[in-house]
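Trainee:
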Amino acid sequence: MDLRDVSTLTVTRVGRLETTTTVIGLRLVDGANEEILPASEFLSSLLASGASQSSLRSYAMGLLRWWRFLEAVGVPWDRATRIETRDFVLWMRSGGKRPPDGSPARSPFAAATINHNLAVLRGFYGDRLAAGVGPVINPVPDSVGGNRPHAHQNPMQPFEHHRRAPLRQRTPARQPKGLPDRLFDDLFAAMVCDRDRALLAFYVTTGARASELLGVTVDRVDVGQQLIGVHRKGSGALQWLPASSDAFIWLRLYEAVQSRPEGESALWLTRREPTHPLTYSAMRRVLQRANAHLGQTWTLHQLRHTAAQRMVDDPRLSLIDVQWLLGHAHLETTEIYVRPHEDEVVARAREHHQRRAVAPTALPAAGYRPEVMETLLGGRTGVV
Numbered sequence: 007m008d009l010r011d012v013s014t015l016t017v018t019r020v021g022r023l024e025t026t027t028t029v030i031g032l033r034l035v036d037g038a039n040e041e042i043l044p045a046s047e048f049l050s051s052l053l054a055s056g057a058s059q060s061s062l063r064s065y066a067m068g069l070l071r072w073w074r075f076l077e078a079v080g081v082p083w084d085r086a087t088r089i090e091t092r093d094f095v096l097w098m099r100s101g102g103k104r105p106p107d108g109s110p111a112r113s114p115f116a117a118a119t120i121n122h123n124l125a126v127l128r129g130f131y132g133d134r135l136a137a138g139v140g141p142v143i144n145p146v147p148d149s150v151g152g153n154r155p156h157a158h159q160n161p162m163q164p165f166e167h168h169r170r171a172p173l174r175q176r177t178p179a180r181q182p183k184g185l186p187d188r189l190f191d192d193l194f195a196a197m198v199c200d201r202d203r204a205l206l207a208f209y210v211t212t213g214a215r216a217s218e219l220l221g222v223t224v225d226r227v228d229v230g231q232q233l234i235g236v237h238r239k240g241s242g243a244l245q246w247l248p249a250s251s252d253a254f255i256w257l258r259l260y261e262a263v264q265s266r267p268e269g270e271s272a273l274w275l276t277r278r279e280p281t282h283p284l285t286y287s288a289m290r291r292v293l294q295r296a297n298a299h300l301g302q303t304w305t306l307h308q309l310r311h312t313a314a315q316r317m318v319d320d321p322r323l324s325l326i327d328v329q330w331l332l333g334h335a336h337l338e339t340t341e342i343y344v345r346p347h348e349d350e351v352v353a354r355a356r357e358h359h360q361r362r363a364v365a366p367t368a369l370p371a372a373g374y375r376p377e378v379m380e381t382l383l384g385g386r387t388g389v390v
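Residue numbers (our numbering): 7 to 390.
(1) Is it true that the stretch 36–45 meets the stretch 15–27, where meeting means three or more beta-carbon pairs spaced less than 8 Å apart?
(2) Going by DSSP in three states, isoleucine 42 sits in which element: helix, strand or coil?
(3) So valine 35 is in the beta strand (DSSP E); what residue range does that whole segment cover?
(4) Rounded to a whole number of angstroms, what is the C-alpha to C-alpha distance between isoleucine 120 and tryptophan 97?
(5) So, helix, strand or coil for isoleucine 234, using DSSP?
(6) Using only the alpha-carbon positions, how far apart do leucine 49 and isoleucine 30 sit?
(7) Does DSSP put glycine 151 in a helix, in a strand, or in coil?
(8) Can you give me the Cβ contacts of alanine 243 inside the same chain, cut-off strictly under 8 Å, excluding the 5 residues immediately before and after it?
(9) Can the beta-carbon of glutamine 329 be found less than 8 Å from the beta-carbon of threonine 340?
(10) Could you spell out where the alpha helix (DSSP H) holding tryptophan 330 opens and where it closes?
(11) Check whether the stretch 221–238 touches the stretch 183–203, taking contact to mean three or more Cβ pairs, one atom from each stretch, closer than 8 Å.
(12) How would you write the range of the beta strand (DSSP E) that threonine 25 sits in, first residue to last?
(13) Report yes if the CB atom of valine 318 is closer than 8 Å to the CB atom of tyrosine 343, and no otherwise.
(14) Whose C-beta lies closer than 8 Å to the C-beta of arginine 310 among residues of the same chain, with five residues either side of it excluded?
(15) So if DSSP puts aspartate 319 in a beta bridge, which residue, or which two residues, is it bridged to?
(16) What does DSSP give as the partner residue(s) for glutamine 245 in the beta ladder?
(17) DSSP on serine 217, reduced to helix/strand/coil?
(18) Leaving out five residues on either side along the sequence, give the residues of the same chain with a beta carbon under 7 Å from the beta carbon of threonine 25.
(19) What does the alpha-carbon distance come out to for the pair phenylalanine 165 and arginine 180?
(20) With a 10 Å radius around its C-beta and 16 neighbouring C-beta atoms as the bar for buried, classify aspartate 42 as buried or exposed.
(21) Find the nearest neighbour of leucine 247 within the set Ile255, Gln232, Thr177, judged by alpha-carbon distance.
(22) Does the distance from the C-beta atom of tyrosine 131 to that of valine 146 stay below 8 Å?
(23) What whole-angstrom Cβ distance do alanine 86 and leucine 76 have, given they're in contact under 8 Å?
(24) State the DSSP-derived secondary structure class of valine 390, mapped to helix, strand or coil.
(25) Is it true that the CB of alanine 207 sits closer than 8 Å to the CB of serine 241?
(26) If you drop the 5 nearest sequence neighbours on each side, which residues of the same chain put their C-beta closer than 6 Å to that of threonine 16?
(27) Please report the residue range of the alpha helix (DSSP H) in which glycine 68 lies.
(28) So which of His282, Gln294, Gly56, Leu124 has the shortest CA-CA distance to arginine 71?
(29) Could you check how far apart the C-beta atoms of leucine 34 and leucine 62 are, in whole angstroms? I think they sit under 8 Å.
(30) Within 10 angstroms of the Cβ of glycine 138, are there 16 or more other Cβ atoms? Answer buried if so, exposed if not.
(31) Got a sec, what are the start and stop residues for the alpha helix (DSSP H) threonine 340 sits in?
(32) Where does arginine 345 land, buried or exposed, given buried means 16+ other C-beta within 10 angstroms?
(33) Looking at leucine 325 and leucine 337, is the spacing between their C-beta atoms short of 8 Å?
(34) Ordered along the chain, which non-local residues of its own chain (more than five positions away) have a Cβ less than 7 Å from that of methionine 197?
(35) Please name the residue in Gly221, Ser13, Thr381 whose C-alpha comes closest to that of serine 271.
What follows is the structure, encoded as structure tokens:
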């Protein structure tokens, strides 16, 4: 049996993800424009288990990537083995992601993206096996015992290190990528309308995720208390977040010039006709235009990192406060913002060396004459 050369494998963009009016809200279709029913069944199970629409879309995109790979290697979904899973990982590692300009050069997927795809496939085949369809063995290997190694770790016991599950990638330590104040000021100045200035002001003062803030409706704005209500990603719970007074000033300026169709409840609307709610893609395009002007590559999520870093740097806000404001389920997620940046550590180390270089000369201990110390130490009376 010849090994499959995934470095030369051409994976075409067959199939697509469609939005529907069904209870699921979306579906996958193959190259023949037919609905991929096994995927729809799995998404239905996820929705019944309480998954959010954003989670459904994320899982659906992972399945679409898998279906396109299987189409390229000519293997049906219910005949996939761990060989196909291994080659799928190798394909993603070797550069399965094409650049936006469509050039032949390809960049590899991030380790976290590869692990997410494996988790999606593991859940998909597990759901299909439980329904009595699909391959006999789940093609995605799991860790020994099938349980998360640290799911029930006793904090009073020493931490035990476990090997990663097969095919899972080593993920580097997460480092927040917030914008320094100077660069954020440049980005803010590049905004061309009050709506975009208001959005940036809310992003860096509330710490809300991009989609959370874009989903705000007019009834969830409390100007008197300077609060704005967002539905949290995952749980969907409504949470009122405080914002700066500047953010509400820019919001007032935006509302003074924005035409609002009758019955429209979305807070953020497009500037051009026909007026409709501002989408994530449209807001990302706003940032891309500003980046082109500044020569930068900032993302919407970096605005959330910027807000989190500013909160953590304030000694009057505890880490628990920041966790609540950011909507993190676990404190460990918030703790990444207390890790020092490499450039900050280097700068402090340089200052340390400079202080050592200009440190005052140490005097001899009491009872020793300077000329005796100079004779003993060869003229180095400052050495102790």
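In this text, a Cβ means the ideal position worked out from N, Cα and C, and glycines have one as well.
These numbers were taken from a predicted model, which means no experiment stands behind them.
Mentor: Let me spell this out:
(1) Yes: at least three Cβ pairs fall under 8 Å.
(2) Looking at isoleucine 42 - three-state DSSP - the assignment turns out to be coil, as it is neither helix nor strand.
(3) Segment 32–35, the beta strand (DSSP E) holding valine 35.
(4) Computed Cα separation, rounded: 10 Å.
(5) Residue state, collapsed to three classes: strand.
(6) Those two C-alpha atoms are separated by around 7 Å.
(7) Because the pLDDT at glycine 151 is just 49, under 50, the model does not fix this residue reliably, and the value given afterwards should be weighed accordingly. Assigned with DSSP and collapsed to three states, glycine 151 falls in helix.
(8) Once the five neighbours on either side are set aside, the close Cβ partners of alanine 243 are His237.
(9) Remark: C-beta atoms of glutamine 329 and threonine 340 approach each other more closely than 8 Å.
(10) Per DSSP, tryptophan 330 belongs to the alpha helix (DSSP H) from 325–332.
(11) No, because fewer than three Cβ pairs between the stretch 221–238 and the stretch 183–203 fall closer than 8 Å, the two stretches do not touch.
(12) Its beta strand (DSSP E) spans residues 22–25.
(13) Against a cut-off of 8 Å, the Cβ pair of tyrosine 343 and valine 318 comes out as a contact.
(14) The residues are Tyr209, Gly213, Ala214, Arg215, Ala216, Leu332.
(15) DSSP lists no bridge partner for aspartate 319.
(16) Bridge pairing for glutamine 245: Val236 [DSSP].
(17) Serine 217: helix per DSSP, three-state reduction.
(18) Excluding the 5 residues flanking it on each side, threonine 25 has same chain C-beta neighbours closer than 7 Å at Gly31, Leu32, in chain order.
(19) Because the pLDDT of phenylalanine 165 is 49, which lies under 50, any placement of that residue in the model is unreliable, and the question is left without a value.
(20) It should be noted that the sequence gives isoleucine, not aspartate, for residue 42. Counting every other CB atom within 10 Å of its CB across the protein chains shown gives isoleucine 42 a total of 16 or more, marking it as buried.
(21) The residue with the shortest Cα to Cα distance from leucine 247 is Gln232.
(22) Contact: yes.
(23) About 6 Å; that satisfies the 8 Å criterion.
(24) For valine 390, the predicted structure reports a pLDDT of 48, less than 50, and the residue's modelled location is therefore unreliable. A value from the coordinates is still provided. Here valine 390 carries a coil assignment [DSSP, helix/strand/coil].
(25) For serine 241 and alanine 207, no; Cβs fall outside 8 Å.
(26) Apart from the 5 residues on each side of it in sequence, threonine 16 has no Cβ closer than 6 Å to any other Cβ in its chain.
(27) In the DSSP assignment, glycine 68 falls within the unbroken alpha helix (DSSP H) covering 59–79.
(28) Selected option, being the one with the closest Cα: Leu124.
(29) So it is not a contact: roughly 11 Å between Cβ atoms.
(30) Counting the other CB atoms within 10 Å of its CB gives glycine 138 a total below 16, which places it among the exposed residues.
(31) That run of the alpha helix (DSSP H) goes 337–340.
(32) Exposed, because fewer than 16 other Cβ atoms sit within 10 Å of the Cβ of arginine 345.
(33) Yes, the pair counts as a contact, with Cβ atoms nearer than the cut-off.
(34) Apart from sequence neighbours up to five positions away, the residues of its chain that approach methionine 197 with a beta-carbon distance below 7 Å are Arg203, Leu206, Ala296, ordered along the chain.
(35) Of the candidates Gly221, Ser13, Thr381, the one whose C-alpha sits nearest the C-alpha of serine 271 is Gly221.
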